[in-house]
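*Asks:*
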Amino acid sequence: MFRRKLASIGDRLRTAPRLRLRESRIRPTTGPTRAVACVLVSQPTTLAKQFIVTHSLFEFNEMVAAGGSGSRPPPSVLYLDPNATVRRRTADSLESAVDDLTVEAVGTPTDLRRALSDPHSAYACLITEYRLSETDALSLYTSLRSDDIADVPAVLYTADGDELLASNALTAGFSGYVPKGRDDSLERLRAQLRTVVETESRADRLERYRTLVETVGDSMYILDDDGRIEMANEAMARAVGVPQSELVGKSITEFVLPADTNRVLQTLREIHATDGRAWETVEVTATLGEGPLCSVEVNVAPLVDEGTVTGSVGVVRDISSHAEQERRIRRLHDGTRRLMGATEAETIARIVTDIAADALDLELTAVHLYRDDIVTRSATASEPPPSESGSSAESREPSTRGLVPAAMSTACIDLFDGVAPRIEPGGSIAWDAYETGETVVHDDVRAAPNVRNPETPIRSEAVIPLGEHGIFIVRSLEPDDLDQETVTLAQILAANAEASLDRAQREAELAERRQELERQNERLDSFASTVSHDLRNPLTLAMGRAEMLDHQLGDDGAASAHLEEIDWAHDRMDELIENVLTLARSGKQLTETETVDLAASVDRAHRTVDSTLTVETATSLPAVDADPERLRVLFENVLRNAREHAGDGVTVTVEPTPGGFAISDDGPGIPAHARDAALEWGYSTNADGTGFGLAIVAEIVEAHGWSLSLEESADGGLRLVVSVV
Numbered sequence: 001m002f003r004r005k006l007a008s009i010g011d012r013l014r015t016a017p018r019l020r021l022r023e024s025r026i027r028p029t030t031g032p033t034r035a036v037a038c039v040l041v042s043q044p045t046t047l048a049k050q051f052i053v054t055h056s057l058f059e060f061n062e063m064v065a066a067g068g069s070g071s072r073p074p075p076s077v078l079y080l081d082p083n084a085t086v087r088r089r090t091a092d093s094l095e096s097a098v099d100d101l102t103v104e105a106v107g108t109p110t111d112l113r114r115a116l117s118d119p120h121s122a123y124a125c126l127i128t129e130y131r132l133s134e135t136d137a138l139s140l141y142t143s144l145r146s147d148d149i150a151d152v153p154a155v156l157y158t159a160d161g162d163e164l165l166a167s168n169a170l171t172a173g174f175s176g177y178v179p180k181g182r183d184d185s186l187e188r189l190r191a192q193l194r195t196v197v198e199t200e201s202r203a204d205r206l207e208r209y210r211t212l213v214e215t216v217g218d219s220m221y222i223l224d225d226d227g228r229i230e231m232a233n234e235a236m237a238r239a240v241g242v243p244q245s246e247l248v249g250k251s252i253t254e255f256v257l258p259a260d261t262n263r264v265l266q267t268l269r270e271i272h273a274t275d276g277r278a279w280e281t282v283e284v285t286a287t288l289g290e291g292p293l294c295s296v297e298v299n300v301a302p303l304v305d306e307g308t309v310t311g312s313v314g315v316v317r318d319i320s321s322h323a324e325q326e327r328r329i330r331r332l333h334d335g336t337r338r339l340m341g342a343t344e345a346e347t348i349a350r351i352v353t354d355i356a357a358d359a360l361d362l363e364l365t366a367v368h369l370y371r372d373d374i375v376t377r378s379a380t381a382s383e384p385p386p387s388e389s390g391s392s393a394e395s396r397e398p399s400t401r402g403l404v405p406a407a408m409s410t411a412c413i414d415l416f417d418g419v420a421p422r423i424e425p426g427g428s429i430a431w432d433a434y435e436t437g438e439t440v441v442h443d444d445v446r447a448a449p450n451v452r453n454p455e456t457p458i459r460s461e462a463v464i465p466l467g468e469h470g471i472f473i474v475r476s477l478e479p480d481d482l483d484q485e486t487v488t489l490a491q492i493l494a495a496n497a498e499a500s501l502d503r504a505q506r507e508a509e510l511a512e513r514r515q516e517l518e519r520q521n522e523r524l525d526s527f528a529s530t531v532s533h534d535l536r537n538p539l540t541l542a543m544g545r546a547e548m549l550d551h552q553l554g555d556d557g558a559a560s561a562h563l564e565e566i567d568w569a570h571d572r573m574d575e576l577i578e579n580v581l582t583l584a585r586s587g588k589q590l591t592e593t594e595t596v597d598l599a600a601s602v603d604r605a606h607r608t609v610d611s612t613l614t615v616e617t618a619t620s621l622p623a624v625d626a627d628p629e630r631l632r633v634l635f636e637n638v639l640r641n642a643r644e645h646a647g648d649g650v651t652v653t654v655e656p657t658p659g660g661f662a663i664s665d666d667g668p669g670i671p672a673h674a675r676d677a678a679l680e681w682g683y684s685t686n687a688d689g690t691g692f693g694l695a696i697v698a699e700i701v702e703a704h705g706w707s708l709s710l711e712e713s714a715d716g717g718l719r720l721v722v723s724v725v
């Protein structure tokens, strides 16, 4: 009965959340040394209340025999992506880049769930795309964790990312986030995977060892069937500020607020009504010692003697830190909104250091941005940087590129006397992190192999890359001062900052492009104004003088013939000037467009050029985003070109294509070898043509960002194909 009771209690304790047992070594009279887990109570008179748990630890003995490391199979990764091509390419790339890595690729959440549920599977990491066939990655991972299936680290690898998705993914429990679609995406994924696998391998070994050898650090007590304390450990006594001996006999409800009393009693009643194998968890507000009220979590399990529940055992955990973590995450999200509104890299850098101080309580932080146009000067041996992350204290050839401090926290400014060194290319902690794209954390910077300044006052340091933009540095003057939670939240902040810097860079490039277009349009406007004033005014004067001369000469036949030639030349020059102006206006880059109905635009051009022309328009012409006036000019010039080269009997057809629309005629067409030249101004097969018609069409197409090709129509004429996608 004693052995059965020990096994029953041991099973419940081993499955209890967050419960750890002290491991003691006992040498029996015969056989190998075995590790036995024991927690003893001070009331040995009742076996049902004795808390003696034994557990043989074969794995621990194997680890000790192997030097504490044990042997592990090669790492295996589970990769979910609905795109078969991307899935295969990514899996092959990972397996070729990471030694002994096996990648199992699946295409649906159902396949992934089945793989994770396989009791024979053991995955070191899960990689998943965000958009899935049945759900999204965050919802899937949350569901897997709630079902106790996802007990491996996960990395989000997606093309749909932004700073908010990165933040939500890491908050949901993902260990990393890598955006797809960049030149270095696969390399960053491989780096992230190596980091996660190595970290989780170490964490797994440490956790197994800790589970075997660490003591019960949480407060623990045993209640009788009336809910009164029969035994409490020293941790419980310290927590409530009452000696162990005085705790015995007290009701557990004395340590919780009246508002929580009924819930505690109800939990105990439910425990007594079970079959002896269930755990219950209740969160209450309690008074621990002389401190303020705090939130605690109590895991409660029944104690059973010969099939009868005779009491309960409880483990108490202070979860006030959870509320603090929620506060930090909430402030981190608030800061993300500020980042999303910033448009300049330096502003983003300042916001990052502000958020680090306000939300994460990190006092020593800095953001360094990459620059390749640095004004240099030589460092000297008399200028050693206080942090290893700075330039080398040794003289070296100055570099025109490096990581320049863009923002520092107030404490960091004081530490560096207001002037932080830039970080030049080379073997430093910070530059290595930037170059590899991997976060580097040092519990003691002075012990780092590539430390530049062994006397640096900086002891703990985390260097987190911001993509190609730079690095985010978190420091402390105390060794081993950056826990995993702090580093994770700092990585979330860095991911948000990187996304904001990406957006700011894109917006800056678009603004620069817009300014260049505006300057180009101004030059075209100036050219058009010059043509209009400097050419048209003298032409108008010449035409007026010719008309006066015609009146003066009267019926002089010889003079009239010359005047007709002069009038024709004037009309020709006027047409050329108008075409040059149209060409200049057509070449102006668009800054605004609207949705235009193609059929309506063709109809307006038809009525303007010659309503007697035969123009056939398909009923299914699409609408396009365009400048309506320039689109009308495009159709006008095509119709004029068809009439001038094919005559009044020409038929013009406008029809949709998969990528846009096409305009065909049944005229003589253009030989294949001359079609490229036909799009240049001055080309014409008509002696009276100006050679501007198709050139204007080409300029309008280019201004819209479309493409144009010339083909032979079905009737042997010309076919212009405009692609708008």
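Under the UniProt record's numbering, the first residue of the sequence shown is numbered 1, with each subsequent residue one higher. Using N, Cα and C, we set each Cβ at its ideal position, and we do this for glycine too. These numbers were taken from a predicted model, which means no experiment stands behind them.
1. If we count the other Cβ atoms within 10 Å of its Cβ and call it buried at 16 or more, is THR343 buried or exposed?
2. Which residue marks the beginning of the alpha helix (DSSP H) containing THR347, and which one marks its end?
3. Among the candidates GLU455, ALA273 and ALA430, whose CA atom is the shortest distance from the CA of PRO465?
4. What does the alpha-carbon distance come out to for the pair THR353 and PRO479?
5. Starting from TYR141, trace the alpha helix (DSSP H) in both directions and tell me its first and last residue.
6. I need the straight-line Cα distance from THR310 to ASN299, nearest angstrom please.
7. Closer than 7 Å by C-beta to PHE635: which residues in its own chain qualify, once you throw out the five before and the five after it? Chain order, please.
8. Which of the three DSSP states, helix, strand or coil, is assigned to VAL152?
9. With distance defined between alpha-carbon atoms, name the residue in ASP625, GLU565 and ARG88 nearest to GLU594.
10. Using the C-alpha atoms, what's the distance from PRO179 back to LEU140?
11. May I ask you to list the residues that DSSP assigns as paired with ASN299?
12. Given a threshold of 16 other Cβ atoms within 10 Å of its Cβ, counted over all protein chains shown, does ALA497 qualify as buried or as exposed?
13. Identify the continuous beta strand (DSSP E) that holds ALA232 and give its terminal residues.
14. How long is the line joining the alpha carbons of ARG506 and ASP372, rounded to whole angstroms?
15. With three or more beta-carbon pairs closer than 8 Å as the criterion, would you say the region 611-621 touches the region 648-662?
16. At which residues does the beta strand (DSSP E) containing ILE464 begin and terminate?
17. Take PRO327 as the anchor and find which of LEU303, SER117 and ALA359 has the nearest alpha-carbon.
18. Between which two residues does the alpha helix (DSSP H) containing LEU605 stretch?
19. Assuming the contact rule is C-beta atoms closer than 8 Å, TYR221 and GLY314 should be a hit. Round their C-beta distance to whole Å, please.
20. So, with DSSP's three-state summary, where would you put PRO457?
21. VAL86 and LEU94 - do their beta-carbons sit closer together than 7 Å?
22. Decide yes or no for the touch test of the region 165-172 against the region 440-458: beta carbon pairs closer than 8 Å, at least 3 of them.
23. Could you have a look at PHE661 and say whether DSSP puts it in helix, strand or coil?
24. Would you tell me roughly how many angstroms separate the C-alpha atoms of ARG202 and VAL77, rounded to the nearest one?
25. Look at the alpha carbon of SER133 and the alpha carbon of LEU144, and state the distance between them as a whole number of angstroms.
26. Please identify the residue among LEU332, CYS125 and LEU186 whose C-alpha is closest to the C-alpha of ARG88.
27. Measure the alpha-carbon distance for LEU718 versus SER620 and round it to whole angstroms.
28. Let's see if you can read the secondary structure: which residues bound the beta strand (DSSP E) around ARG475?
29. Assign VAL725 to one of two classes, buried (16 or more other C-beta atoms within 10 Å of its C-beta) or exposed (fewer than that).
30. Any idea which residues DSSP pairs ARG131 with across the strands?
31. Report the three-state DSSP secondary structure of TYR434 (helix, strand or coil).
32. Do ARG459 and LEU482 count as a contact pair if the criterion is CB distance below 7 Å?
33. Please classify ALA714 as buried or exposed, where buried requires at least 16 other C-beta atoms within 10 Å of its C-beta.
34. When the Cα atoms are used, what is the spatial distance from GLN491 to GLU283?
35. Start and end of the alpha helix (DSSP H) containing GLU629?
36. Are THR267 and GLU280 close, meaning C-beta to C-beta below 7 Å?
*Replies:* In terms of the structure at hand:
1. Result: exposed.
2. In the DSSP annotation of this structure, the continuous segment of the alpha helix (DSSP H) that includes THR347 starts and ends at 345-358.
3. In this structure, ALA430 is the residue among GLU455, ALA273 and ALA430 with its C-alpha nearest to the C-alpha of PRO465.
4. Whole-angstrom Cα-Cα distance: 21 Å.
5. Start and end: 137-146.
6. Straight-line Cα distance between these residues: approximately 17 Å.
7. Correct list, in chain order: SER601, VAL602 and ALA605.
8. In the structure shown, VAL152 sits in coil (DSSP, three-state: anything other than H, G, I, E or B).
9. Ranked by how close their Cα comes to the Cα of GLU594, the residues ASP625, GLU565 and ARG88 have ASP625 in first place.
10. C-alpha separation (whole angstroms): 19 Å.
11. According to the DSSP secondary-structure assignment, ASN299 is paired through a beta bridge with THR281 and VAL315.
12. By the neighbour-count criterion, in which a residue is buried when 16 or more other Cβ atoms sit within 10 angstroms of its Cβ, ALA497 is buried.
13. Residue range 229-232 is occupied by the beta strand (DSSP E) that includes ALA232.
14. Taking the straight line joining both Cα atoms gives about 18 Å.
15. Three or more pairs of CB atoms, one per stretch, sit closer than 8 Å, so the region 611-621 contacts the region 648-662.
16. Segment 460-465, the beta strand (DSSP E) holding ILE464.
17. Just to set this straight, residue 327 is Arg in the shown sequence, not Pro. For the set LEU303, SER117 and ALA359, the Cα lying nearest the Cα of ARG327 is the one of ALA359.
18. For clarity, residue 605 is Ala in the given sequence; the question names Leu instead. Membership of ALA605 in the alpha helix (DSSP H) is indicated by the continuous run 598-609.
19. Yes, TYR221 and GLY314 are in contact; Cβ-Cβ is about 5 Å, under 8 Å.
20. If DSSP states are grouped into helix, strand and coil, PRO457 belongs with coil.
21. With contacts defined by Cβ atoms closer than 7 Å, LEU94 and VAL86 do not form a contacting pair.
22. Judged by pairs of C-beta atoms under 8 Å, the region 165-172 does not touch the region 440-458, as fewer than three such pairs exist.
23. The answer is strand: DSSP assigns PHE661 an E or B state.
24. Its pLDDT being 49, under 50, ARG202 is placed unreliably in this model, and the value from its coordinates should be taken loosely. Each residue's alpha carbon lies about 17 Å from the other.
25. Their backbone Cα atoms lie some 16 Å apart in a straight line.
26. Minimum Cα distance to ARG88 is reached at LEU186.
27. The C-alpha of LEU718 lies about 21 Å from the C-alpha of SER620.
28. 470-476 is the extent of the beta strand (DSSP E) around ARG475.
29. Around the Cβ of VAL725, a 10 Å sphere holds fewer than 16 other Cβ atoms; the residue is exposed.
30. In the DSSP assignment, the residues bridged to ARG131 are ASP136.
31. Of the three classes helix, strand and coil, the one that applies to TYR434 here is helix, per DSSP.
32. No; because the gap between Cβ atoms is not below 7 Å, this pair is not in contact.
33. Exposed, because fewer than 16 other Cβ atoms sit within 10 Å of the Cβ of ALA714.
34. Roughly 30 Å separates the two Cα atoms.
35. GLU629 -> alpha helix (DSSP H) spans 628-646.
36. A Cβ-Cβ contact shorter than 7 Å links THR267 with GLU280.
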